[in-house]
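See below for the structure under consideration.
There are 6 protein chains.
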Amino acid sequence: MFYTDGKLQYPVRVEKPNPIFARALQQAIGGVEGEIRVMMQYLFQGWGSRSPKKYRDMLINTGTEEIGHIEMLSTAVALNLEGAPLSMQEDVAQDGVAGAVLGGMNLRHILSTGLGATPENCNGVPFNASHVYASGNLAADMLANVTAEATGRALAVRLYGMTDDPGMRDMLSFLIARDTMHQQQWLAVIEELGGMEKVLPIPNSFPQEQEANRFSYAYFGHRIDKQVPAGRWTEGASLDGKGKFEPMISEPLGGEPMLAPPRPDGGAQLEQVSPAAANDPSGSTSSVA
Amino acid sequence: MFYTDGKLQYPVRVEKPNPIFARALQQAIGGVEGEIRVMMQYLFQGWGSRSPKKYRDMLINTGTEEIGHIEMLSTAVALNLEGAPLSMQEDVAQDGVAGAVLGGMNLRHILSTGLGATPENCNGVPFNASHVYASGNLAADMLANVTAEATGRALAVRLYGMTDDPGMRDMLSFLIARDTMHQQQWLAVIEELGGMEKVLPIPNSFPQEQEANRFSYAYFGHRIDKQVPAGRWTEGASLDGKGKFEPMISEPLGGEPMLAPPRPDGGAQLEQVSPAAANDPSGSTSSVA
Amino acid sequence: MFYTDGKLQYPVRVEKPNPIFARALQQAIGGVEGEIRVMMQYLFQGWGSRSPKKYRDMLINTGTEEIGHIEMLSTAVALNLEGAPLSMQEDVAQDGVAGAVLGGMNLRHILSTGLGATPENCNGVPFNASHVYASGNLAADMLANVTAEATGRALAVRLYGMTDDPGMRDMLSFLIARDTMHQQQWLAVIEELGGMEKVLPIPNSFPQEQEANRFSYAYFGHRIDKQVPAGRWTEGASLDGKGKFEPMISEPLGGEPMLAPPRPDGGAQLEQVSPAAANDPSGSTSSVA
Amino acid sequence: MFYTDGKLQYPVRVEKPNPIFARALQQAIGGVEGEIRVMMQYLFQGWGSRSPKKYRDMLINTGTEEIGHIEMLSTAVALNLEGAPLSMQEDVAQDGVAGAVLGGMNLRHILSTGLGATPENCNGVPFNASHVYASGNLAADMLANVTAEATGRALAVRLYGMTDDPGMRDMLSFLIARDTMHQQQWLAVIEELGGMEKVLPIPNSFPQEQEANRFSYAYFGHRIDKQVPAGRWTEGASLDGKGKFEPMISEPLGGEPMLAPPRPDGGAQLEQVSPAAANDPSGSTSSVA
Amino acid sequence: MFYTDGKLQYPVRVEKPNPIFARALQQAIGGVEGEIRVMMQYLFQGWGSRSPKKYRDMLINTGTEEIGHIEMLSTAVALNLEGAPLSMQEDVAQDGVAGAVLGGMNLRHILSTGLGATPENCNGVPFNASHVYASGNLAADMLANVTAEATGRALAVRLYGMTDDPGMRDMLSFLIARDTMHQQQWLAVIEELGGMEKVLPIPNSFPQEQEANRFSYAYFGHRIDKQVPAGRWTEGASLDGKGKFEPMISEPLGGEPMLAPPRPDGGAQLEQVSPAAANDPSGSTSSVA
Amino acid sequence: MFYTDGKLQYPVRVEKPNPIFARALQQAIGGVEGEIRVMMQYLFQGWGSRSPKKYRDMLINTGTEEIGHIEMLSTAVALNLEGAPLSMQEDVAQDGVAGAVLGGMNLRHILSTGLGATPENCNGVPFNASHVYASGNLAADMLANVTAEATGRALAVRLYGMTDDPGMRDMLSFLIARDTMHQQQWLAVIEELGGMEKVLPIPNSFPQEQEANRFSYAYFGHRIDKQVPAGRWTEGASLDGKGKFEPMISEPLGGEPMLAPPRPDGGAQLEQVSPAAANDPSGSTSSVA
């Protein structure tokens with residue numbers, strides 16, 4: 359169950375409202391790197407957590423923090439929209455060039471919300487909950503969370519660079535700090551689980567003798583010149599300590615697939631259905647000089 | 359530029375076609391944990407790679423491998439659909455219970471493709487390219503890639519458990535092995551970059567003195583009982599070696615936000631616009647015995 | 359800012375887990391009538407609320423309650439998935455008919471979450487935040503909220519009828535009661551604002567003399583037999599007390615629209631661009647005996 | 359069955375074409391407050407109407423009117439695109455600043471349609487039919503319809519304010535008037551059904567003794583300071599005449615949920631599966647000084 | 359402007375309601391091959407038609423017919439849902455196997471609409487208006503329309519095969535006939551425009567000397583064995599009479615792309631930004647024995 | 359299986375980077391007329407191809423070419439983003455008007471990718487794989503492919519007109535040429551199958567005597583003035599040589615549909631459920647003078 363106090367986790371000030379920056383901030387609300395995504399992701403991971411309980415508590419707790427981040431950013435969007443032009447005429451009056459500001463806005467900020475935030479990204483694309491990863495596998499979830507916070511911090515850093523408003527930079531400096539910590543905390547869980555070596559390959563509960571081991575530590579080359587891009591991934595011990603990296607030229611181990619011809623009553627063309635037409639052996643390829 | 363040979367990377371056999379398993383396999387094609395996603399993700403990361411070049415090559419090379427995985431799975435879907443009932447009548451004839459098989463199918467496998475695969479997930483939801491992460495930050499991208507392969511391998515393992523068809527299990531044992539390696543290879547890049555300690559916080563190019571350092575290594579508690587879920591993330595050195603974890607009760611550092619009242623011509627109700635109505639000081643809360 | 363206590367607002371018990379009912383319950387989580395939608399809707403309305411402040415508080419407060427409803431339902435989904443078949447083999451063993459249960463499930467409950475809830479509807483379609491209405495107009499928002507609770511209660515009632523599990527019925531009886539109240543509370547705001555007569559037409563801040571008044575209280579008939587479906591909407595005083603309902607046959611007041619021909623360099627076909635071809639006066643219609 | 363006469367319901371004139379206003383108008387075509395939505399909503403409600411027949415007729419009749427509104431707006435979009443710059447070069451020539459106009463356009467108006475409307479909103483997001491509400495409950499549908507017309511009229515009013523083109527304002531004055539009427543007509547149905555008191559709670563066919571009556575008229579407070587936002591919704595008779603509003607502090611009636619640990623073969627990590635690790639009783643919380 | 363008469367274009371009868379067939383029929387309503395798509399496509403093409411006028415009239419006229427097809431199919435869905443089980447208990451009572459019918463249904467037919475149609479496809483995915491093609495190019499639009507009717511007729515044929523209900527087969531025989539005609543009529547426009555030879559390449563208004571003519575009639579081979587799949591497309595005169603087909607091995611005409619390194623303040627990792635790290639010349643590939 | 363050589367199929371040069379043109383180019387990557395769509399469409403058609411084999415090979419071969427087109431366009435996007443303003447401040451410095459460039463950009467090019475391409479269209483809407491047509495009917499697929507290339511070439515031509523950068527025009531001249539050929543090649547398959555006359559109606563495997571032949575070659579008029587838009591489609595032999603076109607006034611062959619009233623326990627309002635209320639015979643229409 360949840361509670362609120364109606365206050366902001368951190369102060370949100372805007373000295374010089376900028377409606378295009380309001381649009382940019384939306385990426386941090388409803389973008390794939392944004393706060394709605396992490397809020398839902400941590401909560402759904404927590405709610406579906408089957409054990410151990412300590413991670414459930416930790417996930418729901420941090421998911422609860424993230425709701426407040428959406429609140430901060432929504433406030434920041436609204437404040438950046440104060441004084442925004444509501445018409446072409448005002449836009450010309452303010453900027454001299456019709457459309458310079460209004461054309462760069464999320465027009466729904468005028469037309470749909472009356473100068474408030476939306477659960478959309480910076481291009482006005484609504485948040486889509488398919489981005490919520492809650493896999494039932496603790497290690498996979500932790501990686502998904504670090505990823506979310508890594509792309510989230512890159513986003514916050516870019517927003518920081520996009521503005522010189524002191525209030526906005528102050529707010530972003532807080533969110534950046536929180537992203538720093540959140541990257542740490544999910545990796546700390548992996549450390550608790552024994553570190554990368556222990557958790558790999560994810561899921562580590564599948565008996566590895568049932569996988570095609572010959573290919574478990576081979577980096578496949580798919581270049582027609584048979585050169586293989588080399589690096590740590592082509593030599594040395596594998597990171598789980600169970601194998602040895604090697605480069606391998608990928609060769610087709612299967613043949614050309616051959617599906618049965620379509621059923622006569624299946625909605626194909628007659629020419630596809632007739633056995634005579636199928637798999638015509640005559641010259642399906644030709645040489646080119 | 360790309361080339362093909364029309365053959366499969368690994369043999370795809372189905373001994374006992376199962377049209378519900380065909381639907382399940384779709385998750386590995388068009389699901390968020392599936393192959394279209396990683397194919398696009400690695401290719402877009404490679405195509406947008408700004409440096410160093412070796413990672414570009416490595417990304418595009420593996421993205422090229424993934425196209426062939428979609429090919430294998432599409433073939434597997436088609437083979438599992440051989441002999442599927444096209445009508446209620448056939449379904450009854452085969453199973454005795456009308457709808458037992460047909461009702462569990464992706465009906466588009468009959469109606470839209472004539473027994474072929476679709477770029478959809480196991481519920482028939484089309485792949486949506488918003489899932490492609492190519493952040494321009496190498497470390498963030500590598501984490502996104504490990505995540506994709508971790509959830510991808512969990513998916514493949516669950517598909518393996520869902521079937522007892524020897525052909526399908528053989529194919530999945532190959533895909534599971536490749537996921538094992540792909541988890542490794544993206545983490546190997548992080549090792550090349552100096553390991554987690556060096557790459558954190560992501561992006562590591564942002565001057566950390568500009569973030570609100572007071573909060574960079576604090577795990578915030580949001581429980582009303584002021585208890586903080588404890589673990590590695592509340593004590594010890596931070597994973598980047600730059601700080602020390604600590605638990606901290608989250609307190610609202612900002613006040614209650616106050617937006618300006620709506621403009622009279624902005625489409626709000628009169629009662630919102632009138633100054634008298636706004637921010638009514640009279641008892642907005644009441645005590646409850 | 360938000361807080362939690364890790365407990366459920368109301369007990370969630372499942373006596374006889376049913377994985378198809380787990381799929382049905384998803385509609386109450388991620389469907390358009392579901393809890394993610396109202397949670398976001400009330401919070402975004404509150405966060406963007408420009409005045410009066412009392413409604414902001416009330417909205418955020420109830421939005422906070424809704425987070426806990428998602429928590430309850432996610433728990434209910436997970437509990438209904440206990441013991442679900444993970445494979446075709448288990449399904450046959452349990453039900454005698456392969457696919458009878460597994461085919462009716464959201465397969466992502468097995469493949470993607472390991473028996474946990476997703477932010478999706480009952481067909482596995484992810485929640486899409488375009489459903490969040492926060493119009494900046496208080497009366498419009500209240501109506502959107504009553505609508506959400508009316509369709510939400512209809513959904514809960516139908517879920518109640520779909521199961522005979524005592525635990526599930528108990529949980530739903532609570533959610534139904536809350537929907538009863540939530541319908542009331544949004545309408546109570548409209549009463550506070552003076553009732554429907556006063557708030558209509560929404561927005562009531564637009565000078566009504568600027569609309570085409572001739573048509574403001576006319577019910578237009580579009581039937582070719584010139585009959586107009588009659589009812590309260592075709593006679594009597596209008597509900598805002600400002601007009602009188604009347605039936606009116608809709609007649610085209612505008613002519614046939616005529617757009618300029620395409621530019622020669624605009625990507626149309628030559629035949630469209632050439633003046634000769636455009637608007638060919640020769641017999642564009644013919645009589646039919 | 360449907361018929362047309364190829365004429366516009368109301369004249370559509372544009373004196374000074376404005377391609378950014380063309381983009382804004384799209385919200386009234388394909389936005390959530392737009393005409394495609396109401397057209398489909400009224401038609402699907404009518405087509406699925408089970409009784410009484412008079413509402414079916416009324417719904418389909420008004421749905422038919424709405425098709426003509428999309429036609430008017432599509433014409434308005436096309437007319438606002440006349441003379442739009444097709445290239446960066448033209449844009450500079452017209453406005454002196456490259457991108458001032460073109461950058462503010464829906465580029466698909468140039469690239470995809472050759473200066474015609476799209477079924478998209480003002481940000482170019484395609485209409486998504488999940489917005490169509492046809493609940494099978496007459497009262498819920500009427501509320502959904504009033505909501506659509508209330509947000510639709512707010513949108514039309516904002517578009518009216520955004521332009522000073524006399525032709526566009528004339529067209530919008532008509533659409534605003536129709537929205538005035540359409541708000542009325544759906545509420546008139548509720549009056550016919552006995553008014554709000556009679557229709558509440560929706561659906562009113564569910565035996566209210568089966569809901570958890572203790573909570574049916576209580577406004578729950580979720581603020582940590584135990585203050586409850588007060589108003590009409592916390593005192594007086596409920597709007598259905600069946601109860602009495604009261605404020606109530608929300609307390610968790612359920613405990614902490616506990617799910618079963620994951621199955622060993624379910625794709626979780628080993629650490630989650632092992633009973634030893636699950637629900638570790640050791641210090642999952644710590645006090646903070 | 360549009361009109362209706364409340365009657366069906368063709369009789370819709372269902373002798374033996376089948377709720378799974380109701381789900382299948384949804385593909386013909388909201389699927390990519392369905393009637394909402396063609397209705398919108400023909401209307402938007404007509405509304406945006408810039409000339410000649412006769413095609414505008416013809417498009418809007420047929421678009422108007424399609425609205426009635428959605429009406430027929432929505433009626434068919436509702437009739438197939440008569441008597442559908444609303445609960446697990448009823449499902450068992452009817453079929454002996456819990457979930458056999460209910461699990462195969464679109465559960466929104468119970469939960470969201472009270473046994474009415476939705477604007478969704480057979481998997482419950484809502485119609486998405488991005489499928490509406492109105493290109494501003496008459497020939498391209500005609501091809502899009504034939505495609506829609508070809509896939510639409512394949513769908514209708516498959517639905518016909520899926521059922522043995524005489525009423526449903528009768529209705530489908532009508533829709534199949536209309537699809538036959540609609541395929542014809544769009545191709546008839548192309549014949550009017552001079553036939554394929556004259557309209558190709560689309561758009562035919564672009565001066566063909568500005569395209570890279572060397573490659574305009576070459577079928578590129580991308581197989582690593584340098585074999586080119588041969589057929590009519592590799593020999594003989596091109597279909598527009600302006601060239602000669604030839605097979606050609608695709609060779610990379612461009613080199614390896616090299617993007618500038620990321621800006622130091624652009625959110626990349628330090629290692630990407632530092633010139634030393636960029637484009638590391640040391641062994642990016644390795645030979646494989 | 360697939361291979362790459364890391365090189366571009368054709369050179370990609372940008373002389374004067376333009377970040378708004380970068381946004382425009384996205385339509386050719388992730389738009390419905392773009393390269394991701396054709397790549398997937400040809401590959402899925404090939405992978406699902408049931409016969410004859412020559413078309414499978416041809417489809418996969420050309421699908422492989424298209425991957426390289428995405429690569430070219432992604433490179434073009436990245437090159438057009440070189441030097442783009444990352445902040446409002448830079449934007450003013452470069453253009454004098456804040457927002458003139460930045461406001462016209464896809465802001466995700468800054469915020470999400472660090473100046474790289476995304477799998478989105480020109481409005482930032484992610485590619486959605488529902489656009490991939492692979493119908494299992496060879497003729498329908500070929501038409502879908504010509505359509506894709508026709509709209510694709512119209513798009514490329516419009517992009518060509520939008521820019522005067524010599525490098526971009528050179529690249530586009532190549533893509534336009536390839537679209538010319540690709541239109542040809544799919545039509546060449548239809549010629550191989552016997553031409554339009556032979557392949558129509560699609561699917562031609564359905565026994566035409568089972569369709570309602572009376573309506574198979576009639577162009578239906580839906581205008582209230584009973585005029586029928588005339589053309590090739592209303593007279594002469596049908597294009598499949600099996601019938602004769604004729605105009606026909608569409609008359610309702612079915613009556614008014616009548617659905618059963620809702621079940622009492624189905625979530626409708628009481629007034630709908632009660633037999634007395636249903637289908638009220640009293641004056642559902644009224645005359646209008």
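Protein chains in written order, with the numbering used here: chain Y, 359 to 647; chain U, 359 to 647; chain W, 359 to 647; chain E, 359 to 647; chain L, 359 to 647; chain F, 359 to 647.
Cβ atoms here follow ideal geometry from the backbone N, Cα and C, with glycine treated the same way.
Secondary structure of residue i, DSSP reduced to three states
{"i": "W:M606", "result": "strand"}
{"i": "L:A506", "result": "helix"}
{"i": "Y:V586", "result": "strand"}
{"i": "Y:A595", "result": "strand"}
For residue j and residue i, the rounded distance between their alpha carbons
{"i": "E:P375", "j": "E:D523", "result": "9 Å"}
{"i": "U:A498", "j": "L:F564", "result": "44 Å"}
{"i": "L:L417", "j": "L:N486", "result": "21 Å"}
{"i": "W:K365", "j": "E:V490", "result": "35 Å"}
{"i": "F:T521", "j": "W:S632", "result": "25 Å"}
{"i": "Y:Q630", "j": "U:R536", "result": "36 Å"}
{"i": "E:G625", "j": "Y:K600", "result": "20 Å"}
{"i": "E:S407", "j": "L:R381", "result": "18 Å"}
{"i": "F:N495", "j": "U:M529", "result": "28 Å"}
Given residue i as reference, the closest of the options once Cα atoms are compared
{"i": "F:L617", "options": "L:E507, L:A434 and L:A512", "result": "L:A434"}
{"i": "W:I387", "options": "W:A546, W:M430 and W:I582", "result": "W:M430"}
{"i": "W:Q585", "options": "E:V390, E:L383, E:V547 and E:T420", "result": "E:T420"}
{"i": "L:G426", "options": "E:Q627, E:D598, E:Y361 and E:G612", "result": "E:Y361"}
{"i": "F:L628", "options": "E:L611, E:P620 and E:G552", "result": "E:G552"}
{"i": "L:Y575", "options": "L:P605, L:T476 and L:N562", "result": "L:P605"}
Beta-carbon neighbours of residue i, restricted to chain L and to distances below 7 Å
{"i": "E:A506", "result": "Within chain L, no residue comes near E:A506; the closest Cβ sits about 15 Å away, beyond 7 Å."}
Chain E contact residues for residue i, given Cβ-Cβ distances below 7 Å
{"i": "L:Q367", "result": "M359"}
Nearest-angstrom beta carbon gap, residue j and residue i [assumed within contact, 8 Å]
{"i": "U:G441", "j": "U:N464", "result": "Contact flag wrong, Cβ pair sits at about 16 Å."}
Partners in chain U for residue i, counting only beta-carbon separations shorter than 7 Å
{"i": "F:G364", "result": "D415 and I418"}
Beta-carbon neighbours of residue i, restricted to chain W and to distances below 7 Å
{"i": "Y:N464", "result": "What Y:N464 touches in chain W: nothing, since even the nearest Cβ is about 13 Å away."}
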